[in-house]
Amino acid sequence: METKQEIDLSIIYNIREVPDKVSGRCDNCNNAQFKSSIKNMIFLRECRNCGMKKII
Ligand SMILES: [Zn+2]
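Written out as structure tokens, the structure reads:
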């Protein structure tokens, strides 16, 4: 069975295009802990559980 919106962990999502389903939580696994990094003034958030990446 397919889910409506599958998360591809090889893609870096952008929160403007893919808003958090629940603010501050991973869309994929609902985890609330992230690794954060800043590169070229871009704030990247990576889920500590599943590794989903999103620019926020
Ligand atoms: Zn996750």
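Residues 3 to 58 (my numbering) are what the sequence shown spells out, left to right. We put the CB at the ideal spot given by N, CA and C, even for glycine. Computed from a prediction, not measured in an experiment: that's the story for all the values here.
Proximity test, residue i beta-carbon vs ligand 1 heavy atom, cut-off 7 Å
| i | result |
| --- | --- |
| M43 | no |
| N16 | no |
Proximity winner among the options, relative to residue i (alpha-carbon distances)
| i | options | result |
| --- | --- | --- |
| S39 | I9, C52 and K56 | K56 |
| I44 | P21, N33, Q35 and I58 | I58 |
| C31 | N51, D10 and Q7 | N51 |
| N33 | I17, M54 and D10 | M54 |
Continuous beta strand (DSSP E) stretch holding residue i: start and end
| i | result |
| --- | --- |
| C49 | I44 to C49 |
| S38 | F36 to K41 |
| I17 | From DSSP, I17 is part of no beta strand (DSSP E); its letter is neither H nor E. |
Sheet register partners of residue i (DSSP bridge)
| i | result |
| --- | --- |
| I57 | N16 and L46 |
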